[in-house]
Amino acid sequence: MTTIEVPASVPAQIKKPEGEPGGVDALATTLYTAAGRYEEFADRSKELQTLGRWTGSAYDAYKVASGKASGEHAAMGTTVRRVGRGVTAFADTLRDLLRDHEELLERKRSLDDRRNALIAEINAAAGATEADIAAFRQRAAELRSEYAELVRADDDLQRRVRDNETLLRQVFQAADTLAESTSAEGGIPPLAEAAINRPGAPGSGASPAETKAWWDGLTEAEREAVIAAYPDRIGQGNGLPADARDQANRVLLDDDLARLASKRADGTISESEGKVLANAEQARDSLTNADAYTDPLDPSVRPGGQLWLYDPGAYDGDGRVAIAVGDLDTAQDVAVFTPGINTDMSDTTSYTDKMMNLYESTRYNGDGSSVAAMYWLGYDAPHGPTDLATFTEGRAEDGGRQLSEAIDGLRASRSDDPAHLTAIGHSYGSTTTSYATHGNGSVNDVVLIGSPGAGPADTASDLGQGNVYVGRDSRDLVAVLGDEGWIGKFGLGLGTDPSSEDFEATRFAAEDVDRSWIRNTGDAHSSYLDNDSESLYNIGRIVDGHGGDVNVVDQSYDPWWGPPQDPEWDREPTADQPGRSDTTARR
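Each residue of the sequence shown is one higher than the one before, starting from 144 at the first, in my numbering.
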């Protein structure tokens, strides 16, 4: 008698994580609102320190008492915010756990179907040959191995559930007495505090490589703990995975949205807080759009958005932000786009839309590689003609240092899996990008569009890259400011015109199809990432790693007999680029 051992269906039950994320989010909102109330009381107590002409010992006692109350309520507000952030982090992890639970259930259903089919075939195989029996045993062995993997995955899921619940309990325990709630560490669990004090933690002055090593040395529970307790440090930690930064920054975003919205409703929100809330709402709307965006080649795939940088109060309320469309941790092709003058966080939604355009052009016209396109506003962009900084390179130099650090952080976070990385700078952002890549070999390609000058670089080779590309619309009034020929003597630009033949970069077609006067006097400078444009097609080819396929055009030049000449002025532009994408139709 031949025996074929079919494995049992295990585990008998895959336990579903308890809790409902929406309800947990509601609790977090309540906590953020309460934190806002504490802050309001603290601010009001501080304002009422001086009461007209009241003097004497009673007034002195009042000042001491009100000052103490103000400080205690401010500390309490900070603690309640920390607890709220812990609750938000718990909800985010719970969502992941519930998704993983569903995936395990589906795996078990599939394995059980295969098991039942095998048993039925064995029972029906009265005259089975040796080959049939061997095949049955092989299938049974495969099932046994996959069931064992499923059991291990379920064990891991249940461990993560316990860790998440333990962390939430510890967050509350770290603020369950008055002394703890008013202390500097109120709401911070010991696990997180111990982890953040190890060498290499973000905010300690560590290099991106050291910070990556610190992160790699943490347990999964420790990672979740520091995201919940120190989202401001994790959210700006160069060298950390983009997913970790995204989680941390979304915790901060949820905090700002709930707490400041409650203050706005109460009428107690300050002017600076109003700017932060407006910036937070821009980030929220941008992420909503990015998270809903679908891949042009596979509509069932949503690449998702990542909040890589979030600092809405920076630069007197202009803010700092970086949002990616696609996964910066895994994408084979990564683009980092830096904008120019007049850009602040109020432009986040429009620029995130442009990143969708770039993502789509790269995917649709590319070789099938995965893509992530990030809008990076990590520097203090000048405010336009009324801002003297517009006419100097100081902001570009400062921003270049920060952009260089950001690029180094991206590289360090994927040191064992490097992406093809393209740095793109527009307008004043092109000068900033030139400073960032000057002598920095961390990027594969540099793209300068609508550039008023290449800053420290006299030629493309000064940027230290193998490939430097330039896009300039001949009607772009900003792009003619770069130093070239006689106009350079007046110092109107911010360095050498990178589209000129002396700069020796590869110039690609970037003319606007619309030659109308209204379009040319304004939009020519801002249309480089518009749908179905010459520029977007060519930039997409560069991001995809196929810069050799761009539509090359002649560079501008300075003849001896007159002012600089642009050969593109007389060319008839076209939207019919080879393999172009009709992005509007698929959005």
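For every residue, glycine included, the Cβ atom is placed at its ideal position computed from N, Cα and C.
Keep in mind that this is a model prediction, so the values were computed, not measured.
Less than 6 Å between C-beta atoms, sequence neighbours within five positions excluded: which residues of the same chain meet that for residue i?
i: A177; result: V223
i: W712; result: S617
i: I592; result: H569, G614, Y671
i: D461; result: D487
i: G382; result: P351, T354, K355, G552, A555, S556
i: A185; result: S213, H216, A217
i: H563; result: D476, N587, G688
Here's the rule I'm using: 16 or more other beta-carbon atoms within 10 Å means buried, otherwise exposed. How should residue i be labelled?
i: W519; result: buried
i: N259; result: exposed
i: A337; result: exposed
i: A269; result: exposed
i: S570; result: buried
i: W451; result: buried
i: D487; result: buried
i: K632; result: Note that K632 has pLDDT 46, beneath the 50 cutoff, so the model's placement of it is unreliable and no number is given.
i: A555; result: buried
i: R252; result: exposed
i: W704; result: exposed
i: P710; result: exposed
i: S676; result: buried
i: N392; result: buried
i: S406; result: Reading the sequence as shown, one finds Lys at residue 406 and not Ser. So K406 ends up on the buried side.
i: V167; result: buried
i: V369; result: buried
i: T565; result: buried
i: V294; result: exposed
i: E273; result: exposed
i: T221; result: buried
i: Q316; result: exposed
i: G165; result: exposed
i: E627; result: buried
i: L300; result: buried
How big is the Cα-Cα spacing for residue i and residue j?
i: G762; j: Q379; result: Since the first residue shown for the chain is 144 and the last is 730, residue 762 is missing from the structure and cannot be characterised.
i: I331; j: V314; result: 6 Å
i: P702; j: G596; result: 19 Å
i: R544; j: E328; result: 33 Å
i: V153; j: Q281; result: 19 Å
i: L237; j: N307; result: 8 Å
i: A786; j: A457; result: No answer is possible for residue 786: the residues shown for the chain start at 144 and end at 730.
i: D243; j: K497; result: 32 Å
i: A387; j: I550; result: 17 Å
i: E292; j: D459; result: 53 Å
i: G572; j: K418; result: 23 Å
i: A234; j: S669; result: 40 Å
i: D657; j: Y436; result: 28 Å
i: T727; j: N674; result: Unreliable positioning characterises T727 in this predicted model, as indicated by a pLDDT of 38, which lies under 50. The coordinate reading is nonetheless provided below. Roughly 7 Å between the two C-alpha positions.
i: A201; j: A364; result: 52 Å
i: T717; j: D692; result: 17 Å
i: E715; j: Y680; result: 17 Å
i: D678; j: A667; result: It should be noted that the sequence gives Ser, not Asp, for residue 678. Cα-Cα distance, rounded: 11 Å.
i: L174; j: Y181; result: 11 Å
i: R264; j: S513; result: A quick correction: the sequence has Glu, not Arg, at residue 264. One C-alpha to the other measures close to 42 Å.
Closer than 9 Å, CB to CB, is residue i near chain C or not?
i: L241; result: This model lacks chain C altogether, as it is built from one protein chain only.
Could you check how far apart the C-beta atoms of residue i and residue j are, in whole angstroms? I think they sit under 8 Å.
i: L637; j: E536; result: 5 Å
i: T639; j: A600; result: 7 Å
i: T354; j: P342; result: At roughly 10 Å, the Cβ-Cβ gap does not stay under 8 Å, so T354 and P342 are not in contact.
i: I157; j: L248; result: 6 Å
i: A371; j: A335; result: 7 Å
i: A433; j: G447; result: 7 Å
i: A385; j: D472; result: 5 Å
i: T733; j: V394; result: Here the chain covers residues 144 to 730 and nothing more, so residue 733 does not appear.
Might you give, ordered along the chain, the residues of its own chain that have their beta carbon closer than 8 Å to the beta carbon of residue i, omitting 5 neighbours on each side?
i: T145; result: A271, I276
i: H581; result: G543, G598, P599, A600, D605, L606, G607
i: E424; result: L400
Using a Cβ-Cβ cutoff of less than 7 Å, which residues in the same chain neighbour residue i once the five nearest sequence positions on both sides are dropped?
i: Y494; result: P482, Y518
i: A532; result: P525, R538
i: T411; result: E183
i: Q698; result: S642, S643, E644, R650
i: A648; result: A603, V611, Y612, V613, P641
i: L396; result: A423, A426, R427, L450, Y453
So is the beta-carbon of residue i under 8 Å away from any non-hydrogen atom of the ligand HEM?
i: E627; result: The ligand HEM is absent from the structure shown, which contains no ligand whatsoever.
Handout entry: the stretch 601-618 in contact with the stretch 504-520 per 3-pair CB rule at 8 Å
Key = no
Problem - Any 3 or more C-beta pairs closer than 8 Å across the stretch 579-599 and the stretch 489-502 - result: no
Practice task
Could you tell me whether the stretch 180-197 touches the stretch 225-234, where touching means 3 or more Cβ pairs closer than 8 Å?
Solution key: no
Exercise for the section: Answer yes if the stretch 471-482 comes into contact with the stretch 409-418, meaning at least three C-beta pairs across the two stretches below 8 Å, and no otherwise. Expected result: no
Handout entry: Three-pair Cβ contact test at 8 Å for the stretch 394-408 versus the stretch 465-475
Key = no
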